[in-house]
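Enquirer:
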Amino acid sequence: MCLTRYVLTRTSASQDAGNMLSKPHRLRTSNEYDKVYKHSRRINTPYFRIYFRDHVKVSPSEGILALPRFGIVASKKVGNAVARNRGKRLIREVIKSFLPDLEQNFEAVIVLFNTASEATIDQLRDAFAASVAHRIKGQAPAGNQVQSD
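Per the numbering used here: the sequence shown = residues 865 to 1013.
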């Protein structure tokens, strides 16, 4: 019986690891978050605010552009821990679905609003797509406010 519990626990833990963004795609330190906040353009959607920071990091050996990197923030205003984690989980899934198509060489911090935890993944996907399209083309997505710093 104990062995069964252990196996079930280990299985669920490994599924959580599959939900994370890979290390090269994550912002990890508070300094990295601060740089994005201070030197970025903001785009508001109904579910989150996204801060985009273009950067030029080139690998000295091969001249390769840096991968896009993301940070996700959900403050206590979003709700209880369940709501915050659900919102972050959904946003991570959206980001992962867009990663192969995203251009290189930028960093972004996504700050969730309390509506994010109640949104469907399709709504979040549409909002993220509109934000990225605005960043690339410079056109304001429909129904979203754009604020540049």
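Cβ atoms here follow ideal geometry from the backbone N, Cα and C, with glycine treated the same way.
1) State the CB to CB distance for the pair N978 and V942, rounded to an integer number of angstroms; the pair is presumed to be in contact (CB under 8 angstroms).
2) Give every residue of the same chain whose Cβ lies closer than 8 angstroms to the Cβ of R965, excluding the five residues on either side of it in the sequence, and list them in chain order.
3) Considering only residues of the same chain and omitting the five flanking positions on each side of R950, which have a CB-CB separation below 8 angstroms?
4) Taking a contact to mean a Cβ-Cβ separation below 8 angstroms, would you say V973 touches Y915 in this structure?
5) Among V937, L891, V996, N969, which has the Cα closest to the Cα of L954?
6) Could you pull the start and end residues of the alpha helix (DSSP H) that R892 belongs to?
7) Rounded to whole angstroms, how far is the Cβ of L891 from the Cβ of E971, which I believe are closer than 8 angstroms?
8) Let's test the definition: count the other Cβ atoms within 10 Å of the Cβ of A997 and tell me whether it reaches 16, buried, or not, exposed.
9) Hey, H889 and P932 are a contact pair by Cβ (cut 8 angstroms); roughly how many whole angstroms apart?
10) Where does P910 sit, in a helix, a strand or coil, going by DSSP?
11) Is E967 helix, strand or coil when you go by DSSP?
Expert: Considering the structure as presented:
1) Mapped onto the sequence shown, residue 978 falls at position 114. Mapped onto the sequence shown, residue 942 falls at position 78. Yes, N978 and V942 are in contact; Cβ-Cβ is about 5 angstroms, under 8 angstroms.
2) For the purposes of this step, residue 965 is taken as residue 101 along the sequence shown, with counting starting at 1. A quick correction: the sequence has Asp, not Arg, at residue 965. If you ignore the 5 residues before and after D965, its C-beta comes within less than 8 angstroms of no other C-beta in its own chain.
3) Numbered from its first residue, the sequence shown carries residue 950 at position 86. Answer for R950: S981, listed in chain order.
4) Translated into the one-based positions of the sequence shown, residue 973 becomes position 109. Translated into the one-based positions of the sequence shown, residue 915 becomes position 51. Their beta carbons are under 8 angstroms apart, which means V973 touches Y915 by this criterion.
5) Sequence index remark: in the sequence shown, residue 954 carries index 90 (1-based). Closest option to L954, Cα to Cα, is V937.
6) For the purposes of this step, residue 892 is taken as the residue at position 28 of the sequence shown. Segment: none, R892 is in no alpha helix (DSSP H) and carries neither H nor E.
7) Reading the sequence shown from its first residue, position 27 is the one you call residue 891. Reading the sequence shown from its first residue, position 107 is the one you call residue 971. With a Cβ gap of about 6 angstroms, L891 and E971 count as contacting.
8) Mapped onto the sequence shown, residue 997 falls at position 133. So A997 counts as exposed.
9) Taking the sequence shown and counting its residues from 1, one reaches residue 889 at position 25. Taking the sequence shown and counting its residues from 1, one reaches residue 932 at position 68. Between P932 and H889 the Cβ distance is about 7 angstroms, and since that is below 8 angstroms, they are a contact.
10) Position 46 of the sequence shown, counted from the start, is the residue given in the question as residue 910. Residue state for P910 is assigned as coil, using DSSP reduced to three classes.
11) To locate residue 967, count along the sequence shown from 1; it is residue 103. Shown here, E967 sits in coil according to DSSP, grouped into three states, outside any helix or strand.
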